[in-house]
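Residue numbers (numbering that gives the first Met the number 0), protein chains in the order written: chain A, 0 to 200; chain B, 0 to 200.
See structure below.
Number of protein chains: 2
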Amino acid sequence: MNVDLREQLKQKKQAYVQDEILSSAATLFAEKGFRAITITDVAARLGYTKSVVYYYFKNKNEILWQIFNRMYEKYQATIDDVLSQDLPADEALHRILHSHALHVMKQKDWTAIYFRDESELEPEQRLLSRKRKREYDAKIELVYQRGINEQKFKDVPPHIAISGFMGMCNWLHTWFNEEGTHTPEQIADYYCDLMSGGYLQ
Amino acid sequence: MNVDLREQLKQKKQAYVQDEILSSAATLFAEKGFRAITITDVAARLGYTKSVVYYYFKNKNEILWQIFNRMYEKYQATIDDVLSQDLPADEALHRILHSHALHVMKQKDWTAIYFRDESELEPEQRLLSRKRKREYDAKIELVYQRGINEQKFKDVPPHIAISGFMGMCNWLHTWFNEEGTHTPEQIADYYCDLMSGGYLQ
Numbered sequence: 000m001n002v003d004l005r006e007q008l009k010q011k012k013q014a015y016v017q018d019e020i021l022s023s024a025a026t027l028f029a030e031k032g033f034r035a036i037t038i039t040d041v042a043a044r045l046g047y048t049k050s051v052v053y054y055y056f057k058n059k060n061e062i063l064w065q066i067f068n069r070m071y072e073k074y075q076a077t078i079d080d081v082l083s084q085d086l087p088a089d090e091a092l093h094r095i096l097h098s099h100a101l102h103v104m105k106q107k108d109w110t111a112i113y114f115r116d117e118s119e120l121e122p123e124q125r126l127l128s129r130k131r132k133r134e135y136d137a138k139i140e141l142v143y144q145r146g147i148n149e150q151k152f153k154d155v156p157p158h159i160a161i162s163g164f165m166g167m168c169n170w171l172h173t174w175f176n177e178e179g180t181h182t183p184e185q186i187a188d189y190y191c192d193l194m195s196g197g198y199l200q
Numbered sequence: 000m001n002v003d004l005r006e007q008l009k010q011k012k013q014a015y016v017q018d019e020i021l022s023s024a025a026t027l028f029a030e031k032g033f034r035a036i037t038i039t040d041v042a043a044r045l046g047y048t049k050s051v052v053y054y055y056f057k058n059k060n061e062i063l064w065q066i067f068n069r070m071y072e073k074y075q076a077t078i079d080d081v082l083s084q085d086l087p088a089d090e091a092l093h094r095i096l097h098s099h100a101l102h103v104m105k106q107k108d109w110t111a112i113y114f115r116d117e118s119e120l121e122p123e124q125r126l127l128s129r130k131r132k133r134e135y136d137a138k139i140e141l142v143y144q145r146g147i148n149e150q151k152f153k154d155v156p157p158h159i160a161i162s163g164f165m166g167m168c169n170w171l172h173t174w175f176n177e178e179g180t181h182t183p184e185q186i187a188d189y190y191c192d193l194m195s196g197g198y199l200q
């Protein structure tokens with residue numbers, strides 16, 4: 000085995016363990032709250048000693064911050080992908096809301112932390128996180144404004160409409176149940192129908 | 000002054016101070032988080048010593064629990080009032096959602112606590128609080144089901160539709176700003192239009 004290949008394998012393993020620690024921590028933080036959980040709890044859940052966790056993360060705050068970063072990257076990647084396609088406003092908004100709702104349900108624990116535990120971040124991290132969320136919403140508001148200009152969407156101030164739809168989707172983390180009667184796809188479809196067409200027949 | 004009148008005045012004053020303590024505590028809990036606040040902080044904000052607060056509340060948990068009880072009573076009173084009027088399903092749902100959205104905006108701090116700090120309650124309180132929230136949602140779901148039966152509402156499973164609308168309204172506590180460009184009434188009107196008619200023209 001040459002040095003390069005060995006280095007590649009090492010990096011792959013490290014990325015794998017890092018993901019594993021983040022997932023385990025996210026589940027524990029979501030279940031018991033960030034403050035109640037120690038690095039020892041995170042390690043024990045994976046059968047590691049806490050020194051393994053400390054090899055990858057300086058402290059509990061760094062784990063939390065990486066969870067925020069991963070969520071942010073995931074949401075950004077989806078919206079940038081949709082926006083790069085130059086779709087009509089109605090098609091673009093539908094795709095954005097549908098995939099946002101799906102992400103919330105498929106990463107319920109991560110989303111709970113992303114929207115509930117911002118106050119546990121360091122002040123600078125908190126400011127950056129708020130700025131990122133505002134930028135994300137602003138991108139969707141521009142799509143909404145385009146839909147108004149094209150006379151496709153109701154003339155509601157975009158920040159009011161989008162905050163409402165984000166609320167509807169983000170709230171899913173409080174009630175969506177993997178063992179419930181409907182799949183995430185079915186729920187996202189219902190939500191998109193309600194948001195675009197309303198509950199009246 | 001006779002004894003009865005003196006007793007009445009005393010009770011009025013006590014109710015007033017109790018409300019004052021709850022409001023002050025709600026503001027502090029919402030701003031800094033339940034765990035970061037002490038009884039001394041709550042008292043100091045009102046210019047009282049902590050013994051005054053302890054005269055009315057056994058401990059911090061009792062303050063939190065009273066905040067939950069007040070919120071629950073407020074939401075229940077509104078929904079029971081609407082339901083007692085035997086309105087058509089569309090009119091009833093509109094009024095329920097409109098007043099729910101208004102309550103969230105007008106008592107933003109209390110709502111933030113009601114939906115964020117349930118994990119800080121004692122286990123029995125937490126169970127009771129969840130049961131009450133489920134019962135509240137269930138009452139609205141029955142209205143939705145009636146609207147489906149009368150072929151006024153889209154045939155979406157009521158718990159999915161109502162969880163969505165509650166999410167849209169409850170999320171207001173994360174972004175509504177008293178000094179923003181729109182009044183609570185204007186926002187509640189926009190929300191009701193979007194929920195009933197959707198964003199498409």
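Cβ atoms here follow ideal geometry from the backbone N, Cα and C, with glycine treated the same way.
Every value quoted in this text rests on a predicted model; they were computed, and no experiment measured them.
Three-way DSSP call (helix, strand, coil) for LEU120 (chain A) in this model: Numbered from 1 along the first sequence, position 121 holds the residue referred to as residue 120 (chain A). Here LEU120 (chain A) sits in coil by DSSP.
Amino acids of chain B, ordered along the chain, whose beta-carbon sits closer than 9 angstroms to that of PRO157 (chain A): One-based indexing of the first sequence puts residue 157 (chain A) at position 158. Going along chain B, no residue has its Cβ under 9 angstroms from PRO157 (chain A), so there is no contact; the nearest lies around 10 angstroms.
Of the residues A:LEU199, A:MET165, A:MET194 and A:ALA29, the one placed nearest GLU149 (chain B), counting alpha carbons only: Position 150 of the second sequence, counting from 1, holds the residue named residue 149 (chain B). Nearest C-alpha to GLU149 (chain B): A:LEU199.
Any C-beta of chain C under 8 angstroms from that of PHE152 (chain A): Of the protein chains in this structure, namely A and B, none is chain C.
Length-filtered (4 minimum) alpha helix (DSSP H) runs lying within the segment 6-61 of chain A: 38-45 and 49-55
Cβ-based burial, LYS132 (chain B) [other Cβ within 10 Å; buried from 16]: By 1-based counting over the second sequence, the position of residue 132 (chain B) is 133. Per the 10 Å Cβ criterion, buried.
Stretch pair the segment 79-90 of chain A + the segment 22-37 of chain A: three plus CB contacts closer than 8 angstroms: Judged by Cβ distances under 8 angstroms, the segment 79-90 of chain A makes no contact with the segment 22-37 of chain A, as fewer than three pairs qualify.
N-terminal and C-terminal residue of the alpha helix (DSSP H) that GLY179 (chain B) is part of: By 1-based counting over the second sequence, the position of residue 179 (chain B) is 180. GLY179 (chain B) -> no alpha helix (DSSP H), and no H or E assigned at all.
Neighbour flag for LEU199 (chain A) against chain B, beta carbons, 8 angstroms: As a position in the first sequence, residue 199 (chain A) is number 200, starting the count at 1. So yes, LEU199 (chain A) belongs to the interface.
Integer Cβ distance of VAL41 (chain A) from ILE20 (chain A), believed to fall under 8 angstroms: Within the first sequence, residue 41 (chain A) is the residue found at index 42, counting from 1. Within the first sequence, residue 20 (chain A) is the residue found at index 21, counting from 1. About 6 angstroms separates the beta carbons of VAL41 (chain A) and ILE20 (chain A), which is inside the 8 angstroms limit, making them a contact pair.
Partner residues on chain B for ASP89 (chain A), Cβ-Cβ distance less than 8 angstroms: Residue numbering aside, residue 89 (chain A) sits at position 90 when the first sequence is read from its first letter. Those within 8 angstroms of ASP89 (chain A) in chain B are LEU199.
Closest residue to LYS73 (chain A) among A:LEU82, A:TYR143, A:ARG44 and A:HIS99 (Cα-Cα distance): For the purposes of this step, residue 73 (chain A) is identified with residue 74 of the first sequence, where counting begins at 1. It is A:HIS99 whose Cα lies nearest to the Cα of LYS73 (chain A).
Beta carbon proximity, ILE186 (chain A) to chain B, threshold 8 angstroms: Taking the first residue of the first sequence as position 1, residue 186 (chain A) is located at position 187. It does; some Cβ of chain B falls within 8 angstroms.
Under 8 angstroms by beta carbon: chain A residues contacting ALA160 (chain B): Counting from 1 along the second sequence, the entry for residue 160 (chain B) is found at position 161. Result: TYR189, LEU193 and TYR198.
Residues within the segment 165-182 of chain A neighbouring chain B, beta-carbon criterion of under 8 angstroms: MET165, GLY166, MET167, CYS168, ASN169, TRP170, LEU171, THR173, TRP174, THR180 and HIS181
Neighbourhood of ALA109 (chain B) by C-beta distance below 8 angstroms, restricted to the same chain and skipping five residues each side: By one-based count along the second sequence, residue 109 (chain B) stands at place 110. Here residue 109 (chain B) is Trp; the residue named in the question, Ala, does not match the sequence. Within the same chain, TRP109 (chain B) has close Cβ partners ALA25, ALA29, ILE66, ARG69 and MET70.
Environment of LEU8 (chain A) [buried if 16+ CB atoms lie within 10 Å]: Reading the first sequence from its first residue, position 9 is the one you call residue 8 (chain A). By the neighbour-count definition (other C-beta atoms within 10 Å, threshold 16), LEU8 (chain A) is an exposed residue.
As assigned by DSSP and simplified to three states, the class of LEU86 (chain A): By one-based count along the first sequence, residue 86 (chain A) stands at place 87. Residue state, collapsed to three classes: coil.
Min CB distance ARG115 (chain A) to chain B below 8 angstroms: As a working mapping, residue 115 (chain A) is identified with position 116 in the first sequence. Yes, because at least one Cβ of chain B sits closer than 8 angstroms to the Cβ of ARG115 (chain A).
Proximal residues, the segment 32-43 of chain A versus chain B, C-beta separation under 8 angstroms: Considering only beta carbons, the part of the segment 32-43 of chain A lying closer than 8 angstroms to chain B consists of GLY32 and ARG34, in chain order.
Chain A within 8 angstroms of SER128 (chain B), Cβ atoms only: Stepping through the second sequence from its first residue, residue 128 (chain B) is reached at position 129. At a cut-off of 8 angstroms between C-beta atoms, SER128 (chain B) does not count as an interface residue with respect to chain A.
Of the residues B:ASP192, B:MET104 and B:LEU127, the one placed nearest PRO183 (chain B), counting alpha carbons only: As a working mapping, residue 183 (chain B) is identified with position 184 in the second sequence. PRO183 (chain B) has its Cα closest to that of B:MET104, out of B:ASP192, B:MET104 and B:LEU127.
Residue-level contact to chain B via CB, SER118 (chain A), 8 angstroms cutoff: The residue given as residue 118 (chain A) occupies position 119 in the first sequence. Yes, its Cβ sits closer than 8 angstroms to a Cβ of chain B.
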